[in-house]
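All remarks here apply to the structure that follows.
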Amino acid sequence: MKTEFFLQMDGLASYDKFVLFMGASNMPWELDCAIVRRMEKRILISQPDAESRTLLFKKFLPPCLDIAKNVKMQINLNYEELTKATNGYSAADIELICKEAKMNCIRQAFEALENSK
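Heads up: the sequence shown at position 33 corresponds to 86 in our numbering, and the numbers run straight through without jumps.
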């Protein structure tokens, strides 16, 4: 697969039309050196700062969630604590944490329903 990728990358210069190739990695240190050599420009996008992490948590876990038609769920979260606990986390990491938190709430709700029978 890597060989095919290299062949295609090396062949881009022979196309008549302009081709823009863009790649992204959250672990650039794991990339093959030959791949890195073929990338002329590199742009580092750093991990989100504290303010950005807070905004991400508020986006993915807002204080009020619409869980069904005419049903809202209030969430009482300490966004400051979440922000402090996630220093060095990527936006994707934070999104995954929030998805897992939502799933845990759903699991607990189902367990409560099962136990109430």
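Note that the Cβ used here is the ideal one computed from N, Cα and C, for glycine as well. Source: prediction; values computed, not measured.
Item                                                                                    : Value
Run of the beta strand (DSSP E) containing E121, from where it starts to where it stops : The sequence given here places Ala at residue 121; Glu does not occur at that position. Its beta strand (DSSP E) spans residues 117–121.
P101 beta carbon less than 8 Å from that of L109                                        : yes
Exposure of T56, with buried meaning 16 or more beta-carbon neighbours within 10 Å      : exposed
Cα-Cα separation, D119 to Q127                                                          : 9 Å
Three-state secondary structure assigned by DSSP to V89                                 : helix
CA-to-CA distance, M92 to C86, given in whole angstroms                                 : 10 Å
Buried or exposed (CB count within 10 angstroms, at least 16 for buried), V135          : Reading the sequence as shown, one finds Leu at residue 135 and not Val. So L135 counts as buried.
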